[in-house]
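Numbering (the working numbering), first residue to last: 82 to 346.
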């Protein structure tokens, strides 16, 4: 029997939004908001520079966090024009080795990758060998490992996707990776489930060579930072509970809408 149904692994980040002061971010942090809202037992394994740990710990509430020391904390500056985001990479986080994902004891593991090569094929294979089903953030396929203005460049060798059960992409990431949003192109990635999010315009789910659209209700005046990470966590929770892909996306959409509406208030 597994210790927890869901685990999330990834680098913490410091986010500078619209010129504001640095704040805690990264896939594990934003995933934790969804996990807390769903009251699901989960493990988050997080890496950052030791000097940033104390200040970051306060951002995590009611979730189990395992901290790993890193050489640096990922840092990003970005701004929004509605759903469109412009981003600059100020600092990259560390890469993850196979030994750093051992002992998670989860049925599902969401890998919150931030850049290409952050989680190597060997690391994903080690996770796969535990019997866990892997959800992968598509940032790890299209964001090159370099500082400066972010320009998406797809990973040339996608053979490691054979270890992945769910691939979560943004619209821009999907277009950069396969050139379109068509079912055939997304199914050709060979991942059983591909979910593409469109911010306030909802998402599409591709599974078993079928594409369905899941609408979302736009919410004015909200900060969308981390919404994709929260969606991915909520989707994995729903899948761990036996919900089919479309139903899981619908549930994840409601969770994210609730989080954004709460933040707006």
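Think of the CB as a built atom: it goes at the ideal place given N, C-alpha and C, for glycine as much as any other residue.
Check each candidate in the options and name the one with the smallest Cα separation from residue i.
i, options, result
"residue 128", "121, 137, 122", "137"
"residue 109", "168, 191, 296, 271", "191"
"residue 341", "328, 203, 312", "312"
"residue 316", "301, 179, 246, 162", "246"
"residue 170", "188, 200, 185, 233", "233"
"residue 97", "235, 157, 285", "157"
"residue 143", "166, 116, 132", "116"
"residue 277", "334, 230, 244", "334"
"residue 216", "133, 162, 273", "273"
"residue 306", "84, 95, 121, 90", "95"
"residue 259", "309, 206, 223, 179", "223"
"residue 162", "281, 332, 182, 327", "281"
How would you write the range of the beta strand (DSSP E) that residue i sits in, first residue to last?
i, result
"residue 166", "165-172"
"residue 91", "85-92"
"residue 217", "214-218"
"residue 245", "Counting along the chain, residue 245 falls outside any beta strand (DSSP E), and DSSP gives it neither H nor E."
"residue 277", "274-278"
What are the start and end residues of the alpha helix (DSSP H) that includes residue i?
i, result
"residue 266", "264-268"
"residue 256", "252-259"
"residue 203", "202-210"
For the putative contact between residue i and residue j, defined by C-beta atoms under 8 Å, what is the C-beta separation to the nearest angstrom?
i, j, result
"residue 211", "residue 176", "Actually they are not in contact, since the Cβ atoms of residue 211 and residue 176 sit about 19 Å apart, beyond 8 Å."
"residue 92", "residue 221", "11 Å between Cβ atoms; not a contact."
"residue 130", "residue 153", "5 Å"
"residue 155", "residue 219", "About 17 Å; that fails the 8 Å criterion."
CA-CA distance, residue i and residue j?
i, j, result
"residue 123", "residue 287", "26 Å"
"residue 168", "residue 100", "12 Å"
"residue 88", "residue 205", "14 Å"
"residue 271", "residue 227", "28 Å"
Quick check on the DSSP output: what are the complete alpha helix (DSSP H) runs of length 4 or more inside the segment 101-189, in order along the chain?
108-119, 131-138
In chain order, what are the residue ranges of uninterrupted beta strand (DSSP E) at least 3 long that sit wholly in the segment 284-329?
284-288, 291-295
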